[in-house]
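Okay, structure first, notes after.
Residue numbers (this note's numbering), protein chains in the order written: chain A, 1 to 425; chain B, 426 to 731.
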């Protein structure tokens, strides 16, 4: 909390010595908010100047039970706060559930499209009739016709799925390597992945029968099974890349539960094993917001990147284009005009961390940006403490709720406990 | 209710509400007649009722704690049944409140017993029993009123005690006296104090109350919140907002007064004890620290003259 200038403390003068002190009855009525607004103003004016009366009011405070605030009785209507609160929760659950179902259907459609594409290409390659929506059945018939066809189908399918998985795995490897590299300085980046994993789990389990608890393990086992299937046809491709992929994927999957559970989504995932099937799934979805699927990364060239599809594709985020001009800056920043002028230069980011929709990105020369809406809008934050400004390259960012910690290349450690409004060095 | 000086609006409102209020007050149990009770309500309404519509008057009387008002006034009149009821309800609370104020058992007993004597009306004036309970109007709770009276008595007693401490005793104890203020002939920069005064004068009373309670009285956020009946976080946000606002306004005033931006910012960081502002005269608080400090100022002045 910012402190007033010392001169203010000095100049908080008392009132005139002839000011009449309110009697006990008036002070009591004031403390219990039983005076008229006009009389309250008069008493307040006196109390602002009279330390003795302030002391009396403070000494006369009742004991420290929580029920001290005098409130007016709520009107008895159906539109009460609990109704509004639970209504908002229910609306949030429905929204997240809808998003999860749409996401699951999108994934399912993608998988079907891949399978259809594979069968189509196989048909083209073998001069077979074009695949119809019943492509799988045709493949089965063909498989029955020729003893070698199933193997070819299987091999081709496997090849296609392998290539797809290779692409996925390679992207996942990029994300993982970046993640692991950043983890040395910003382990909180890993927090982004558990929400994604939980989201995927909840999306898959939304329309499926497996229970939520084994769903996550089921994902790992399903992927491992695919790896095993791909490994089975070892004569087609060398094993080491696939096994490496499997190892990396398994490591990422296994590392997900090990990520600190300080994020709310991870805490929500702890509810997986509780509750009935549908209700439990809804609970999961309620605890995972759409913004939590966003992943963040800093490229080797210093670009800030964002992914909405678990790392399959990344978009570079330009903090300058997202409406920084005119946005209020945090911290003890006093020079908004000069900050806007410097924002046109290219910013080389070094690290990024996110906590749900709250994203912090650190760059060279002490440049720090924050977004509270998953990267749509950005605000420049200039940490200042004791008259000095943070100027070193930001190499590490850790934020948990309002607590934050910056490590610079100087090296210096800056901390905040109010989401960047004030800083300590 | 037949006095010609009674506000007609109050009289007509009371006439309509008296049966309800009289029943609610339980006057019969403590021997308070309807006429006496009506006179009490007229007195309270005349002093404190808002001068607004009939609905506001009605709301004022209905919000009064009439049962406690009747009890207090019956005690002030010496009604034994009322005293019996009073002791049952408030004797122990009186002591516990005194203990919370004094934080020491013997002092608490002394404070509570002295107040009890004042409440009972051991003193007389012109043959009439004088009781502090006669000043209770029922706008706040009787228990809250008792705590406030205890606190007043404690503060008054403490101030009287402290004034008895001689300066000779303090000098023997080695109390340090500050250096005298600079001579008036030396040119001093009052722009900061003027700018601060102007900024503070623009603040509403509640803001100045919060600032004084936090920075002068060293009250916690929770205490200030209780005093105003708001949440602690409200006080925290208000203090932060005020700090930013005051800094901004004082800087603007200093730059208008001819200082550069840098000079103005440096001026805000200067230790105020170096400024030629008589802090103690300015504050002149009768709190614990203020009392001692006042004596220090007086001693310094006398020593300088001597």
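Beta carbons: idealized from backbone N, C-alpha and C, even for Gly.
So is residue i in contact with chain A if we call contact Cβ pairs under 9 angstroms?
i	result
residue 442/B	no
residue 613/B	Unreliable placement is indicated for residue 613/B, whose pLDDT of 48 sits below 50; the coordinate value is still reported in the next sentence. Cβ-Cβ to chain A under 9 angstroms: no for residue 613/B.
residue 625/B	yes
residue 479/B	no
residue 591/B	Reliability of the predicted coordinates at residue 591/B is poor, the pLDDT of 48 falling under 50, and the value obtained from them is presented with this limitation in mind. Answer no: the Cβ-Cβ gap between residue 591/B and chain A never drops below 9 angstroms.
residue 720/B	For residue 720/B, the pLDDT reaches just 42, beneath the cut-off of 50, and the residue's location in the model is therefore unreliable, although a value from the coordinates is still provided. Not an interface residue.
residue 570/B	yes
residue 534/B	no
residue 557/B	yes
residue 694/B	yes
residue 700/B	Residue confidence for residue 700/B is low, a pLDDT of 43 falling below 50, so the modelled location carries little weight; the figure read from the coordinates is stated next. So yes, residue 700/B belongs to the interface.
residue 684/B	no
residue 631/B	yes
residue 541/B	no
residue 651/B	yes
residue 688/B	no
residue 573/B	yes
residue 546/B	no
residue 658/B	no
residue 467/B	no
residue 435/B	no
residue 580/B	yes
Per DSSP, what are the beta-bridge partners of residue i in this structure?
i	result
residue 296/A	306/A
residue 414/A	406/A
residue 394/A	408/A
residue 371/A	359/A
residue 384/A	389/A
How is the beta strand (DSSP E) around residue i delimited, first residue to last?
i	result
residue 355/A	349-355
residue 2/A	It is not in any beta strand (DSSP E) - residue 2/A carries neither H nor E in the DSSP assignment.
residue 379/A	379-381
If you follow the alpha helix (DSSP H) that residue i is part of, which residue opens it and which one closes it?
i	result
residue 522/B	505-527
residue 10/A	6-11
residue 491/B	491-501
residue 42/A	37-49
residue 469/B	459-473
residue 539/B	530-545
residue 311/A	Careful: residue 311/A lies outside any alpha helix (DSSP H) and carries neither H nor E.
residue 80/A	Neither: residue 80/A is in no alpha helix (DSSP H) and is coded neither H nor E.
residue 733/B	One cannot answer for residue 733/B here, as it falls past the ends of chain B, which runs 426 to 731.
residue 25/A	24-31
residue 61/A	Per DSSP, residue 61/A belongs to no alpha helix (DSSP H) and is neither H nor E.
residue 564/B	Where residue 564/B is concerned, there is no enclosing alpha helix (DSSP H), given that its DSSP letter is neither H nor E.
Does the CB of residue i have a neighbour CB from chain B at under 9 angstroms?
i	result
residue 39/A	yes
residue 44/A	yes
residue 62/A	yes
residue 12/A	yes
residue 427/A	No answer is possible for residue 427/A: the residues shown for chain A start at 1 and end at 425.
residue 381/A	no
residue 368/A	no
residue 409/A	no
residue 420/A	no
residue 51/A	yes
residue 2/A	yes
residue 428/A	Given that chain A is displayed from residue 1 to residue 425, the structure contains no residue 428/A and the question cannot be resolved.
residue 31/A	yes
residue 24/A	yes
residue 118/A	no
residue 416/A	no
residue 390/A	no
residue 54/A	yes
residue 110/A	no
residue 20/A	no
residue 9/A	yes
Since residue i and residue j should fall inside the 8 angstroms C-beta cutoff, what is the C-beta to C-beta distance between them, to a whole number of angstroms?
i	j	result
residue 486/B	residue 442/B	5 angstroms
residue 634/B	residue 47/A	5 angstroms
residue 564/B	residue 489/B	7 angstroms
residue 492/B	residue 449/B	6 angstroms
residue 642/B	residue 1/A	The Cβ separation is near 17 angstroms, so there is no contact.
Please list the segments of the alpha helix (DSSP H) lying wholly inside the stretch 639-682 of chain B, counting only runs of 4 or more residues, in order along the chain.
-> 646-653 and 657-681
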